[in-house]
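Some notes on the structure that comes next.
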Amino acid sequence: MDGVLFGVLAGGVHDYLRGVTGTAVPDRGSEPPEVFRLAAAWRALLRMHELGGDGRCVLCGRGRVRWWFARREPAELCSVWQVAVGYFVRRLPGGRP
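Each residue of the sequence shown is one higher than the one before, starting from 4 at the first, in the working numbering.
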């Protein structure tokens with residue numbers, strides 16, 4: 004995964020998380036405590052799945068091995084980041100934000 008593209012996607016995810024906790028939009032009402040806990044949990048999970056120096060997820064994106072060639076292939080966004088981008092940056096199917 005290209006570091007610049009990852010930075011754009013990660014920025015969008017973190018902007019969304021700041022927005023739901025009220026720091027990006029201060030004129031909203033107070034949020035239930037669960038929102039802060041969920042946002043903090045997502046931030047912690049995303050920190051665990053940051054890209055390493057080789058452009059792969061440090062936990063689960065270490066490359067895929069094809070058993071018949073026994074070689075590593077570059078990983079795409081790991082599944083944790085795919086879910087975060089899908090739910091927090093892109094729109095869900097059916098047009099729901």
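All C-beta atoms in this analysis are idealised placements derived from N, C-alpha and C, irrespective of residue type, glycine included.
DSSP bridge partner residues for residue i (one or two, in chain order)
i	result
leucine 54	Cys60
Close-in-space but distant-in-sequence residues of the same chain around residue i (CB under 6 Å, 5 per side omitted)
i	result
cysteine 63	Cys81
Cutoff 7 Å; reference residue i; Cβ partners in own chain excluding five residues on either side
i	result
proline 35	none
leucine 48	Val83
tryptophan 70	With a pLDDT of 46 at tryptophan 70, under the threshold of 50, the predicted position of this residue should be treated as unreliable, though the coordinate-derived value follows. Taken in chain order, the list of residues that qualify is empty.
methionine 51	Leu62
Cut-off 8 Å between Cβ atoms - residues of its own chain near residue i, not counting five sequence neighbours on either side
i	result
glycine 6	Leu54, Gly58
Residue i: first and last residue of the uninterrupted alpha helix (DSSP H) it sits in
i	result
valine 92	Segment: none, valine 92 is in no alpha helix (DSSP H) and carries neither H nor E.
glycine 25	It is not in any alpha helix (DSSP H) - glycine 25 carries neither H nor E in the DSSP assignment.
C-beta atoms of residue i and residue j nearer than 8 Å
i	j	result
phenylalanine 91	leucine 20	yes
valine 38	valine 23	yes
leucine 12	valine 86	no
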